[in-house]
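J.:
Number of protein chains: 2
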Amino acid sequence: MFCRLFASLSLAITVITASLLSSSTARLHADEGMYLFNDLPRELLKERYDFDPSQKWADDLRLASVRFNSGGSGSFVSSNGLVLTNHHVASDTLQKVSTKERNLIRDGFLANSFDEEIKAPDLELNVLIEIVDVTQRIDEAVTNKTDAEAAAKQRQAAFNAIESESFDKTGLRSDVVTLFGGAQYHLYRYKKYTDVRLVWAPETAAAFFGGDADNFEYPRYNLDATLMRVYENDKPAVIDHFLEWSSKPVAENDLVFVSGHPGRTQRIFTVEALEYLRDHRLPFVLDYLRRKEILLQQYRLESEEAARRGRDELFGIQNARKAYTGMLAGLQDPQTIADRRRVQDRLIAAAGANPDLNPLTQAWQEIAEIQQEKAAQLSRSVSLRSDVFQYALSILLLAQEDQKPNADRLAEYTDASRDSLLTRLTSEAPLYDDLQRIELADEIALLLERRGMSDPLVVEVLAGRSPQQVAAEIIDGTSVDEFAKRRELIEGEPDLIFGSDDPAMRLARLMEPEYRRLRLIDDGLSEREKQAYAKIARVTTEIEGTTGYPDATFTLRLAFGTVKGYPENGSFVKPTTDFAGAFEHAAEHQGQEDFELPESWMRAKQEGKIDLSTQLNFVCTADIIGGNSGSPVVDRGGALVGLIFDGNIQSLTSDYLYTDQQARAVSVSGVGIRQALEAIYNAKDLADQLGK
Amino acid sequence: MFCRLFASLSLAITVITASLLSSSTARLHADEGMYLFNDLPRELLKERYDFDPSQKWADDLRLASVRFNSGGSGSFVSSNGLVLTNHHVASDTLQKVSTKERNLIRDGFLANSFDEEIKAPDLELNVLIEIVDVTQRIDEAVTNKTDAEAAAKQRQAAFNAIESESFDKTGLRSDVVTLFGGAQYHLYRYKKYTDVRLVWAPETAAAFFGGDADNFEYPRYNLDATLMRVYENDKPAVIDHFLEWSSKPVAENDLVFVSGHPGRTQRIFTVEALEYLRDHRLPFVLDYLRRKEILLQQYRLESEEAARRGRDELFGIQNARKAYTGMLAGLQDPQTIADRRRVQDRLIAAAGANPDLNPLTQAWQEIAEIQQEKAAQLSRSVSLRSDVFQYALSILLLAQEDQKPNADRLAEYTDASRDSLLTRLTSEAPLYDDLQRIELADEIALLLERRGMSDPLVVEVLAGRSPQQVAAEIIDGTSVDEFAKRRELIEGEPDLIFGSDDPAMRLARLMEPEYRRLRLIDDGLSEREKQAYAKIARVTTEIEGTTGYPDATFTLRLAFGTVKGYPENGSFVKPTTDFAGAFEHAAEHQGQEDFELPESWMRAKQEGKIDLSTQLNFVCTADIIGGNSGSPVVDRGGALVGLIFDGNIQSLTSDYLYTDQQARAVSVSGVGIRQALEAIYNAKDLADQLGK
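Pasting the structure below:
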């Protein structure tokens, strides 16, 4: 499953923010590229595929593309607001609206009427309306050239001002996006939907067929699809731009396009930045993920209800762990770095020989030095990965930031960001005391393991108690876990927050100064990286030619490729699978829990309702990454033919390295989804809405 | 499950060898103590329980007690060689004699005749015949007072000489054991059994009922028992000293004794040594265990056969992970260290005021300094935890050590150790290429993560290849994974080994110099710790009175206590459970895989064969630890009433801290085992042999 790699880590693990950088077309491999919608690779498409997209083609596709702020992608597929995405993108919502008696994540769901559709507690969907280049205004605002932390503040102030102005003027969500590692800044304006309702989801057994074993593998047979619907004024939204639903399966060599929101890539990291990932960051994150994975596994063993409560978080963590494991393995192959070093050395040598560019070559050294500082910073974080703590800290920061002028605030607390923040902070999604207690205790234990028992902050947090005792006292005593109480705090006088004796708020106040101190350091490092990568971007463009595409930033991109099999272990993997294959795969793995197809499938097959030759999954060469989950795959005519849900195991290095030798994007076939709705889920009415 | 904590880590994680130290009776809690059989707490037993064991009582119990060199305990329970131990002690053997077609570890086993009993491929059982004090001879041999590494060599040479002499003279396995952290050295002489056959084992579903969730919990309902039989000259051995089998269940407050082999305790670690465990060693080991746990889980998802192959190793790792997690949590409670520091400070102050003892107080500082060095050493190990690698390294070291005089050899390679070593090296237990490849690749990846990609040894090992490639080439190319080939190498000319181009042997040769270099450092640190703890032992004895018991050393000890419930979360946990409770527990957890009782139990219940009121498990206050698994529990008359298999969760801190507030040892009841054999497993003939 692709996107969760991004979503599950965005909460508290420090994000790799830096260094998104241009890749020149001269060095592009085959179908490499995640293109900006305002800078599509028209020549390349014309030349390679004799395809010349019209502006309308591109606009329609853009306006039918949807971003899930929980960390994935989707698309409008009907005039009455239906949104197609992955089951594993929707699973966050499925988890939150499930109860002990109603396990939607396991059992699936079908609303038989609008009335039965279930509102998601905290989803926000975004549709990209407009892009405006604001590079010049940002660059002019950053006048301090010597102090990185001061420069970072100036840059943030410019972001905040532009976003607020735009929001005031248009009413649209407005985000300034850093592209090409700081060489360009674009303002993205989004229409927002926050009334999003669940319409249909299959069982996990169908969506995640093959489980963790088959995750990131191919061939696959997964119905990793879910339908939601956006509402406005309590009615299904009327959508002008939605995708047609192709009635044809894809065929080998078909040209296809993916319009979605790749999360983050590090394609043009310097060798030293990749070494930092390999030697520090990825091993560190993997130790953390494995720790959480075991913790949640243990918790889930306690009872069926505990298993239900911990399900979605565990699966997100397992997914990230598997993705990062593949990413690290690629970096641990000495050839990977050796190849990159050759390219880098050539570039530096060429720049060194050019008197204009020569001074810029110190940027590589600067990046190398920053990596050392990042490594030292890695284990200092105090941003505990606990829902209760994160709520408390956010509420505290919100109250503090509200007292500053908008320009001076942290990015998440500006006027322009406020609505999205409040959606998140007042989510009605349930929190479970038992799980909160275990997770908070482990985070506190981790804090003391990383900072040491004699660290003054640790001493204050523990106050002579064990991490388990501290967590129990906080979870038992707090009311931050109730959404109504959070709303009261947010809407009340700030002194209620500053003086609160709620134990979670007290913990947040204890940690806040150190949180800010560390964030300042991180922002300073990030600023220095931006400046260095901007230089490297200039060198690269000068030496190697035109700009291609910037590294991914969880903003809308267009990728393209062809439906194509690949060689593996001496045989050839065919690009498409069908329903018959799913039943065969289940039979081959009889007795293994994750390979049991749901009853609905077995019954439909027995009753002869399924056309077993219908296409179910396919692979293509398009350049995607975590965050692209749920992206529509469209044909030359712009009609939906598939739904991205994964990359194969060979694609796990594509954070920093695209190849089309074996790496492939994996999709559910559009015809497969339609057949499942009609033949398996008795949802003919719903199927009839698709593409209309 | 208790013992595996010890067994599963003994292979390649550096063992906590140091610092086994006396606890004076003045500071003993209630039933604390793991007593030497040549220094039983007669006065204490007399005083507290009015019990005065005769020499015959003690000798009979000692001679009926059995050590499993795979890491557990057991006892003779019949004149014809039956040995009772835990299923989880025997599971190592059950795993090794299973095949794809015959999954004994899952399905259980019953031999209906001697002929059907299955020989274990590499088990060695030891019975303690004699203890001789050799302290003076060891102390006199260590003349170098300034160079710790040289002193360690002298001490090892004395060990080797004493062991060889004893072996030559008696033919018995002879081990010098370091007690009281180096204050005493005893020579232990064992009778050895290497023809050990499997007689009966229940299904894992009965033995490990409740799975990882219930592991280390109480109440329990586990039939964690297995019967094996020792043979001599291909006939069941005739055993003079075996335990009677009591026909009575235990009752609250009964005095009971545990005779077994606790693995390792750190009861009198200094505060700084405990801090080293808390801040360095335990977090380090837990990261490692979680990594292996996830790796094996992933492997086992591949197929039913993979699940079978990886089962025992995974369960051992999970067990250790859970045990260490509890141990670390105890140390992370600031009260634990604060209490210990008060005691330590008092002791140092008292010694400081005594002119004789004052110079010895620098030992605490010495221990503190050694911990720093150990922390730095922690991640340098090159002893990859891979069966193939360990075989190759051992074969290489054996060939090298054989060329030295016996006195100069490493401990495992002396004349006295040779038989046990060969049993292990020529084991016919199968190795599976797919699993070996995955594990070796991960160990090599870990090596480069710990030592860095530019470490010269890492560069040599990789030679431009990825860890996966290196592992694949080694496992595909080696014949060290075949026991016949290992035997050939061991019995052939050493030049076959030194010049072998087998890729596993080449890897071993590459690592060997660094392995020796690190071992020398470890041995030097260990020697310095011994000398310092010997001083601390003297101080403690002088200040606080007589010697109690030395820390555990995986040698035979006697513990005692009473059958006793305990308070938990406001209610009271009763000390015994019965078969009825097992069926209720299963019903409460319906739908959870690990809580399904096997068919044999359900059938026997349906047929009314089981007396549901029969005692199944019980707890007592005896002081046990990992390694005690499989220990017999006997009554005042020396008759078997139970079989230790676990400690409860509150006992996980007992490595360094005994309490009887809540901590309990958990046993299978003798009457429960007998009933299961008769009513569930149709093994009346076998049951009739017990105690006769």
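Sequences listed follow chains U and B, in order.
Count along the first sequence from 1, then add 9; that gives the number in the working numbering.
Count along the second sequence from 1, then add 9; that gives the number in the working numbering.
Just so it is clear, CB atoms sit at the ideal spot from N, CA and C, and this is done for glycine as well.
1) Please name the residue or residues paired with B/HIS195 in a DSSP beta bridge.
2) What is the DSSP secondary structure of B/THR94, counted as helix, strand or coil?
3) Can you tell me whether U/VAL247 is buried or exposed? The criterion is at least 16 other CB atoms within 10 Å of its CB, across all chains shown.
4) Apply the 10 Å Cβ neighbour rule to U/SER63 and answer buried if 16 or more other Cβ atoms are within range, or exposed otherwise.
5) Are the region 288–296 of chain B and the region 649–663 of chain B touching by the rule of at least three beta carbon pairs closer than 8 Å?
6) Residues of chain U with CB closer than 8 Å to the CB of B/SER429, please, in chain order.
7) Look up B/ASN706 in the DSSP assignment and give the residues it is bridged to.
8) Residues of the region 466–479 of chain B with a CB closer than 9 Å to any CB of chain U: list them in chain order, please.
9) Confirm, please, whether the CB-CB distance from U/ARG182 to U/LYS201 is below 9 Å.
10) Put B/THR235 into one of helix, strand or coil per three-state DSSP.
11) Can you tell me whether DSSP reads U/ALA454 as helix, strand or coil?
12) For B/PRO576, which residues in chain U fall below 8 Å Cβ to Cβ?
13) Taking Cβ to Cβ, would you say B/TRP254 is nearer than 9 Å to B/LEU119?
14) Secondary structure at B/LYS544, three-state DSSP: helix, strand or coil?
15) Tell me B/VAL265's beta-bridge partners as DSSP assigns them.
16) Can you tell me the Cβ-Cβ gap for B/GLY508 and B/ASP40, rounded? I've got them flagged as a contact below 8 Å.
17) Less than 9 Å between the beta carbons of B/PHE581 and B/LEU625, yes or no?
18) If you draw a straight line from the C-alpha of B/SER403 to the C-alpha of B/GLU172, how long is it?
19) Would B/LYS65 pass as an interface residue toward chain U - the criterion being a Cβ-Cβ separation below 9 Å?
20) When the Cα atoms are used, what is the spatial distance from B/GLY269 to B/VAL136?
21) Run through chain B and tell me which residues come within less than 8 Å of U/GLU302, C-beta to C-beta.
22) Given a limit of 8 Å on CB to CB distance, which residues of the region 37–65 of chain U reach chain B?
23) Excluding the five sequence neighbours on either side, which residues of its own chain have a C-beta within less than 6 Å of the C-beta of U/LEU457, listed in chain order?
24) From B/ILE682 to B/VAL259, what does the alpha carbon distance come to, in whole angstroms?
25) If distances are taken between C-alpha atoms only, which option among B/GLN386, B/ASN691, B/GLY219 and B/THR435 comes closest to B/GLY762?
26) Look at the alpha carbon of U/THR564 and the alpha carbon of U/LEU405, and state the distance between them as a whole number of angstroms.
27) What residues in its chain sit with their C-beta under 6 Å from that of B/ALA16, if we drop five residues either side in the sequence?
28) Counting only Cβ-Cβ distances shorter than 7 Å, please list the residues of the region 450–461 of chain U near chain B, keeping chain order.
29) Residues of the region 109–137 of chain B in Cβ contact with chain U at a cutoff of 9 Å, in chain order, please.
30) Relative to the C-alpha of B/THR668, which residue among B/TYR690, B/VAL643 and B/ILE634 is closest?
31) Of all the options B/ILE379, B/ALA167 and B/SER122, which has the alpha carbon lying nearest to the alpha carbon of B/THR279?
32) First and last residue of the beta strand (DSSP E) that includes B/TRP209?
33) State yes or no: is the beta carbon of U/SER82 nearer than 9 Å to at least one beta carbon in chain B?
34) For U/LEU76, list the residues DSSP reports as bridge partners.
35) Find the residues of chain U that neighbour B/ALA222, judging by a C-beta separation of less than 7 Å, and give them in chain order.
36) Answer with yes or no whether the minimum CB distance from U/HIS594 to chain B is below 9 Å.
T.: Reading it off the structure:
1) Here residue 195 of chain B refers to the residue found at position 186 when the second sequence is read from its first residue. In the DSSP output, where bridge partners are listed per residue, B/HIS195 has B/ASP142 and B/VAL186.
2) Taking the first residue of the second sequence as 1, we reach residue 94 of chain B at position 85. Strand.
3) Position 238 of the first sequence, counting from 1, holds the residue named residue 247 of chain U. Counting Cβ neighbours within 10 Å, U/VAL247 comes out exposed, since fewer than 16 surround it.
4) Against the first sequence, residue 63 of chain U aligns to sequence position 54. Looking at its Cβ environment, which holds fewer than 16 other Cβ atoms inside 10 Å, U/SER63 is exposed.
5) no
6) Against the second sequence, residue 429 of chain B aligns to sequence position 420. The premise fails here: B/SER429 is roughly 34 Å from chain U at the closest Cβ pair, so nothing lies under 8 Å.
7) Summary: the structure shown does not reach residue 706 of chain B, with chain B confined to residues 10 through 701, and so no result is reported for it.
8) VAL468, LEU471, ALA472, GLY473, ARG474, SER475, PRO476, GLN477 and GLN478
9) Start at 1 with the first residue of the first sequence, and residue 201 of chain U comes out as number 192. Start at 1 with the first residue of the first sequence, and residue 182 of chain U comes out as number 173. Yes.
10) As a first step, residue 235 of chain B is located in the second sequence; it is residue number 226 there, counting from the start. Residue state, collapsed to three classes: strand.
11) Against the first sequence, residue 454 of chain U aligns to sequence position 445. Correct three-state label for U/ALA454: helix.
12) Taking the first residue of the second sequence as 1, we reach residue 576 of chain B at position 567. Going along chain U, no residue has its Cβ under 8 Å from B/PRO576, so there is no contact; the nearest lies around 18 Å.
13) The count along the second sequence starts at 1 and reaches residue 254 of chain B at position 245. The count along the second sequence starts at 1 and reaches residue 119 of chain B at position 110. Taking 9 Å as the Cβ cut-off, B/TRP254 and B/LEU119 do not qualify as a contacting pair.
14) Within the second sequence, the letter at position 535 stands for residue 544 of chain B. Of the three classes helix, strand and coil, the one that applies to B/LYS544 here is helix, per DSSP.
15) For the purposes of this step, residue 265 of chain B is taken as residue 256 along the second sequence, with counting starting at 1. Looking at the DSSP assignment, B/VAL265 forms a beta bridge with B/GLY570.
16) The residue given as residue 508 of chain B occupies position 499 in the second sequence. The residue given as residue 40 of chain B occupies position 31 in the second sequence. About 58 Å; that fails the 8 Å criterion.
17) To locate residue 581 of chain B, count along the second sequence from 1; it is residue 572. To locate residue 625 of chain B, count along the second sequence from 1; it is residue 616. Their beta carbons are not under 9 Å apart, which means B/PHE581 does not touch B/LEU625 by this criterion.
18) Your numbering for residue 403 of chain B matches position 394 in the second sequence. Your numbering for residue 172 of chain B matches position 163 in the second sequence. Approximately 20 Å between the Cα atoms of the pair.
19) Taking the first residue of the second sequence as 1, we reach residue 65 of chain B at position 56. Closer than 9 Å: no.
20) Walking along the second sequence from the start, residue 269 of chain B turns up at place 260. Walking along the second sequence from the start, residue 136 of chain B turns up at place 127. When rounded, the distance between both Cα atoms is 11 Å.
21) Along the first sequence, one-based indexing puts residue 302 of chain U at 293. Per Cβ cutoff of 8 Å: ARG299 and ILE303.
22) none
23) Counting from one through the first sequence, the residue named residue 457 of chain U turns up at place 448. The answer, listed in chain order, is VAL467.
24) Within the second sequence, the letter at position 673 stands for residue 682 of chain B. Within the second sequence, the letter at position 250 stands for residue 259 of chain B. Approximately 13 Å between the Cα atoms of the pair.
25) Nothing can be reported for residue 762 of chain B: it is not among the residues displayed for chain B, which extend from 10 to 701.
26) Position 555 of the first sequence holds residue 564 of chain U. Position 396 of the first sequence holds residue 405 of chain U. Cα-Cα distance, rounded: 29 Å.
27) Taking the second sequence and counting its residues from 1, the one referred to as residue 16 of chain B is at position 7. Low local confidence applies: a pLDDT of 35 at B/ALA16 is under 50, so the model's placement there is unreliable, with the coordinate-based value given in what follows. SER79 and GLY80.
28) ALA454, LEU457, GLU458 and GLY461
29) none
30) For this step, residue 668 of chain B is matched to residue 659 along the second sequence. Checked all of B/TYR690, B/VAL643 and B/ILE634; the closest Cα to B/THR668 is B/ILE634.
31) Here residue 279 of chain B is taken as the residue at index 270 of the second sequence, counted from 1. Closest option to B/THR279, Cα to Cα, is B/ILE379.
32) Taking the first residue of the second sequence as position 1, residue 209 of chain B is located at position 200. Looking at the DSSP string, the run of the beta strand (DSSP E) that includes B/TRP209 is 204–210.
33) One-based indexing of the first sequence puts residue 82 of chain U at position 73. Output row for U/SER82: interface = no.
34) Along the first sequence, one-based indexing puts residue 76 of chain U at 67. One point to set straight first is that residue 76 of chain U is Arg, not Leu, in the sequence displayed. Its beta-bridge partners are U/SER82 and U/ASN135.
35) For the purposes of this step, residue 222 of chain B is taken as residue 213 along the second sequence, with counting starting at 1. Neighbours of B/ALA222 on chain U, chain order: LEU310 and GLU311.
36) As a position in the first sequence, residue 594 of chain U is number 585, starting the count at 1. No, U/HIS594 lies away from the interface with chain B (no Cβ there is under 9 Å from its Cβ).
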